[in-house]
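From first to last, the protein sequence lines are chains A and B.
Under my numbering, the first residue of the first sequence carries the number 1, and numbering increases by one thereafter.
Under my numbering, the first residue of the second sequence carries the number 1, and numbering increases by one thereafter.
We put the beta carbon where it would ideally sit given N, CA and C, even for glycine.
One structure is given here, and the rest of the page talks about it.
2 protein chains.
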Amino acid sequence: MRRISIEKIKKRIGQRVKIAGFVRIIRNQGSIKFLVIRDISGAIQAVVTKARTEAATVVESLSLESVIEVTGSVQEEKQAPGGIEIAVEKILVLSRASAELPIPVVEKGDEKTSLQKRLDWRWLDLRKSEKTLIFKVWTLMEQAFREYWTRDKYIEIHSPKLMSTPSESGAELFEVKYFNRKAYLAQSPQFYKQMAMAAGFERVFEIGPVFRANPSFTSQHDTEFTGYDAERSFISSHQDVIRGEERIIRYVLGRIKKKLGEEILALYDRNLSVPSVPFPQVTMRQAKEILAKLRVPSEKDGDLSPQEERALSAYIKEKKNHEFVFVTEYPVKVRPFYHMRLESDQKLTKSFDLLWNGLEITTGAQREHRYDILVAQAKEKGLKLKPIQFYLNFFRYGCPPHGGFGLGPSRMLMKVFNVDNVREVTYLYRGVKRLEP
Amino acid sequence: MRRISIEKIKKRIGQRVKIAGFVRIIRNQGSIKFLVIRDISGAIQAVVTKARTEAATVVESLSLESVIEVTGSVQEEKQAPGGIEIAVEKILVLSRASAELPIPVVEKGDEKTSLQKRLDWRWLDLRKSEKTLIFKVWTLMEQAFREYWTRDKYIEIHSPKLMSTPSESGAELFEVKYFNRKAYLAQSPQFYKQMAMAAGFERVFEIGPVFRANPSFTSQHDTEFTGYDAERSFISSHQDVIRGEERIIRYVLGRIKKKLGEEILALYDRNLSVPSVPFPQVTMRQAKEILAKLRVPSEKDGDLSPQEERALSAYIKEKKNHEFVFVTEYPVKVRPFYHMRLESDQKLTKSFDLLWNGLEITTGAQREHRYDILVAQAKEKGLKLKPIQFYLNFFRYGCPPHGGFGLGPSRMLMKVFNVDNVREVTYLYRGVKRLEP
Chain A
1 MRRISIEKIK KRIGQRVKIA GFVRIIRNQG SIKFLVIRDI SGAIQAVVTK
51 ARTEAATVVE SLSLESVIEV TGSVQEEKQA PGGIEIAVEK ILVLSRASAE
101 LPIPVVEKGD EKTSLQKRLD WRWLDLRKSE KTLIFKVWTL MEQAFREYWT
151 RDKYIEIHSP KLMSTPSESG AELFEVKYFN RKAYLAQSPQ FYKQMAMAAG
201 FERVFEIGPV FRANPSFTSQ HDTEFTGYDA ERSFISSHQD VIRGEERIIR
251 YVLGRIKKKL GEEILALYDR NLSVPSVPFP QVTMRQAKEI LAKLRVPSEK
301 DGDLSPQEER ALSAYIKEKK NHEFVFVTEY PVKVRPFYHM RLESDQKLTK
351 SFDLLWNGLE ITTGAQREHR YDILVAQAKE KGLKLKPIQF YLNFFRYGCP
401 PHGGFGLGPS RMLMKVFNVD NVREVTYLYR GVKRLEP
Chain B
1 MRRISIEKIK KRIGQRVKIA GFVRIIRNQG SIKFLVIRDI SGAIQAVVTK
51 ARTEAATVVE SLSLESVIEV TGSVQEEKQA PGGIEIAVEK ILVLSRASAE
101 LPIPVVEKGD EKTSLQKRLD WRWLDLRKSE KTLIFKVWTL MEQAFREYWT
151 RDKYIEIHSP KLMSTPSESG AELFEVKYFN RKAYLAQSPQ FYKQMAMAAG
201 FERVFEIGPV FRANPSFTSQ HDTEFTGYDA ERSFISSHQD VIRGEERIIR
251 YVLGRIKKKL GEEILALYDR NLSVPSVPFP QVTMRQAKEI LAKLRVPSEK
301 DGDLSPQEER ALSAYIKEKK NHEFVFVTEY PVKVRPFYHM RLESDQKLTK
351 SFDLLWNGLE ITTGAQREHR YDILVAQAKE KGLKLKPIQF YLNFFRYGCP
401 PHGGFGLGPS RMLMKVFNVD NVREVTYLYR GVKRLEP
């Protein structure tokens, strides 16, 4: 007999089936023993009567979280969760768990175990259905992004993570011993997705790891995370990038809500809504005016602090009933040298961030594709040209006007599930003090 | 007027259109000037008559590979390639290329420029339509793999590339300065996809970079490449993994042939065929017997040299008319400690490689999921347990039987296009001496 997944059992009442999974609960009531077995699709109660002596003996010595294969018949039973259970004929232990679990594996509400301990034993933590759901949503989210892009004729690239020079500022950079020289880990695929524009690919996306030697310990930062990057040629301004991004986000959230919205609501009490387009926009200048009226202290000229991001999102939510807001026209001083400047005000850039319920999930811009202007902007920022000459070369032999954005999927998931810590939505978190497991 | 892509022009005969792209050819015949303009979708001839003085003046000073926007009407013209051309009204130069190109940008057959020089100026090399096609196929291939897996309820993971200890042998490892300690770049997601099995995810895949400090200079090796990895729980043996893999490869090649098969044939003279399932299989012992009969020298006991791989594939092609062959049951001595052993012969593993037309594109196996046996196998290989204890722990608290495979998409593309060098099918190649651009 072939093993079937637990979610399919409800259609097999009266039939013999074989299932397999982790033993989540063992209740030994003497002559009758109950198990709860969980696989990736759900959980089921299994009942072992005294008559099944062999199976009963197996249960006697069974430890929680062992992996077993159960053969038996499906029967209706009002007192069982979901109204059905399996009357066990035979149990085979596929993998025996040590009797002492380092952390308890209980569904929803394990608030006693510290986050650090849960991260130490991450694979046990991930066995809980509310944790598994995060990665089911991640899978769906990523596939939805890709479907949208590939339908839109985007080409996928995998750019190298090993570089001979820093990809961005040079700060927060990891150094690699590379044979007889040094290499650096890419802090973003920025330069290489722009290279694809110079190669005439016109539309590209990349999904891959980015590395930041960020020494901070906040709930939102990690030293390695997954980035979604997109770049497009022949745009008129950053507004084309914005319009593209709001449409794809609407599409992706629509897919998530439709397929997994009920589970998100059940396990996280979060009713996901699909945002209308266009998303609200404010310029940085307008944002600062709004925040001044709200008496939120401005920590940095031309940029928003986390507190300001939250206050601005709350304001937009109240005024426009929208969870998203684009902040545009960041000043030159807080943006990298390659952001294009506004024709009408050379101190401002054709750039934007996207906030979702108070958290920045995206940075984007039109890029400067004119070699001479790009070189002038790099010099103005005080950059040495030699280390970035390979990048500047991309613009010497024809390059279409282009722009794009980078989006953090783990930040997006924090907002999908309303969780505050990026560690909870990352498969295996990496931080200053954490390289394990 | 909105720019349209060049492939759509044939439906616009008699209409005014706007296109944009790179200037591939300029032919100045005095009173009449011809341009060939290429975008991602194709190429078109544009004709500038003397009457269009402004446009004619622009062409006078135009350099090859500049990016221009052309407005004009589409007309039939027998002498033009494809039978249509654009009668130019207006030309706007979006990006001027330097007059001297470092490498010529000509379609198909640029055999004069050295590979090294083409890699130095990779973005110019990639502008040729036969190069762009490789990445259109890559995009389709990757999406097809993902569609198959996600339909099959696989969960996608992004495992960390920064590790505190080596993921595999410890050889060919890149070391990273990680704050006050050392980290290493993952040589494969092996340990972490197995962690997902211990987490009860049941089926996972990962697409991401892998890093190997391989000092060799062959046409098939690089220090960073993209890996496709899949892992599945509740299998009976490595044969379940094999059956899964041959089906997905059949599906993916079917998608590629259907959508881009004609372009591959036209530009690479390669008629892709969709393989039948099951693929032929030989055990390593049988392979060695076949090769002995063919008088191919055996370089390594229990493993195949590139010469042996080519000879074996040629033999299978002749005997079974199949481009693929699984080689199974590798001896313990050439496989890592975590491969499960055959019940019938403890010197052999439940493992396989997949060869496609003489090139190894996959390694796979059932893994040993029983803690005690896994520890014994590690010791037998002479491994120190301490650095791998975090991995061994995955198997202490229940872990389903499982197996999987890793596949190299760039190797697969070498066979799709019949090209011999991995550098040609990699967006930006990384090797011992190459970290640029």
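Sequence-distant residues of its chain with Cβ nearer than 8 Å to residue i (five each side left out)
i	result
L140(B)	R255, I256, K259, L260
V422(B)	S219, Q220, H221, D222, F225, S410, R411, M414, Y429
L162(B)	V176, Y178, A183, Y184, L185, A186
P209(A)	K161, E224, F225, T226, G227
E309(B)	L355, G358, L359, E360
I13(A)	V74, Q75, E76, I84
Beta carbon proximity, residue i to chain B, threshold 8 Å
i	result
T150(A)	yes
T113(A)	no
K259(A)	no
I248(A)	no
K347(A)	no
Y397(A)	yes
H158(A)	yes
Best match in the options for proximity to residue i [C-alpha to C-alpha]
i	options	result
Q239(B)	Q366(B), P189(B), M195(B)	Q366(B)
V282(B)	S236(B), V70(B), S351(B)	S351(B)
L267(A)	R24(A), I84(A), K128(A)	K128(A)
L374(A)	E77(A), L392(A), E309(A), P387(A)	L392(A)
V432(A)	G398(A), M284(A), N214(A), K381(A)	N214(A)
D345(B)	S313(B), A51(B), R310(B), V332(B)	V332(B)
R16(A)	L124(A), M340(A), R2(A)	R2(A)
E436(A)	E76(B), L101(B), S159(B)	S159(B)
A51(B)	V36(B), I32(B), I40(B)	I32(B)
E107(B)	Q307(B), R38(B), T363(B)	R38(B)
L173(A)	T150(A), F211(A), A99(A)	F211(A)
G302(A)	V327(A), E343(A), F201(A), L62(A)	V327(A)
E245(A)	I40(A), H322(A), P401(A), G364(A)	G364(A)
A199(B)	D269(A), N180(A), K131(A), S61(A)	K131(A)
K317(A)	V93(A), F279(A), E262(A), E142(A)	F279(A)
P400(A)	F201(B), W123(B), V416(B)	W123(B)
Neighbourhood of residue i by C-beta distance below 6 Å, restricted to the same chain and skipping five residues each side
i	result
M195(A)	F394
R396(B)	Y371
T362(B)	L354, F405, L407
Delimiting residues of the alpha helix (DSSP H) encompassing residue i
i	result
A144(A)	129-151
L359(A)	Careful: L359(A) lies outside any alpha helix (DSSP H), inside the beta strand (DSSP E) at 359-367.
R255(B)	238-268
A55(A)	53-60
Q220(B)	Q220(B) -> no alpha helix (DSSP H), and no H or E assigned at all.
Residues near residue i in its chain [Cβ-Cβ closer than 7 Å; skip 5 each side]
i	result
E175(B)	K182, Y184
K450(A)	Past the boundaries of the shown model lies residue 450(A); chain A is included only from 1 to 437, so the question cannot be answered.
R250(A)	V274, P275, V277
K153(B)	R203
Segment limits, beta strand (DSSP E) that includes residue i
i	result
A183(A)	181-185
P209(A)	203-211
E424(A)	E424(A) -> no beta strand (DSSP E), and no H or E assigned at all.
W123(A)	First-last for W123(A): 122-125, but that is the alpha helix (DSSP H), not the beta strand (DSSP E).
F324(A)	324-328
A171(B)	First-last for A171(B): undefined, no H or E at that position.
K317(A)	Unbroken run through K317(A) is the alpha helix (DSSP H), 306-320; no beta strand (DSSP E).
E69(A)	67-76
Neighbour flag for residue i against chain A, beta carbons, 8 Å
i	result
Q286(B)	no
A378(B)	no
K136(B)	yes
I40(B)	yes
S31(B)	no
G406(B)	no
Closer than 7 Å: residue i CB and nearest the ligand COA heavy atom
i	result
I316(A)	Within the structure as shown, the ligand COA is missing, as the structure has no ligands at all.
Worksheet item: On the three-pair Cβ rule with 8 Å, is the region 175-193 of chain A touching the region 145-159 of chain B?
Response: no
Worksheet item: Is there contact between the region 114-125 of chain A and the region 40-50 of chain A, where contact requires at least three CB pairs shorter than 8 Å?
Response: no
Practice prompt. Take every Cβ of the region 123-138 of chain A, pair it with every Cβ of the region 230-239 of chain A, and state whether three or more of those distances are shorter than 8 Å.
Written response: no
Worksheet item: Looking at C-beta atoms only, is the number of pairs between the region 374-389 of chain A and the region 325-342 of chain A that lie closer than 8 Å three or more?
Response: yes
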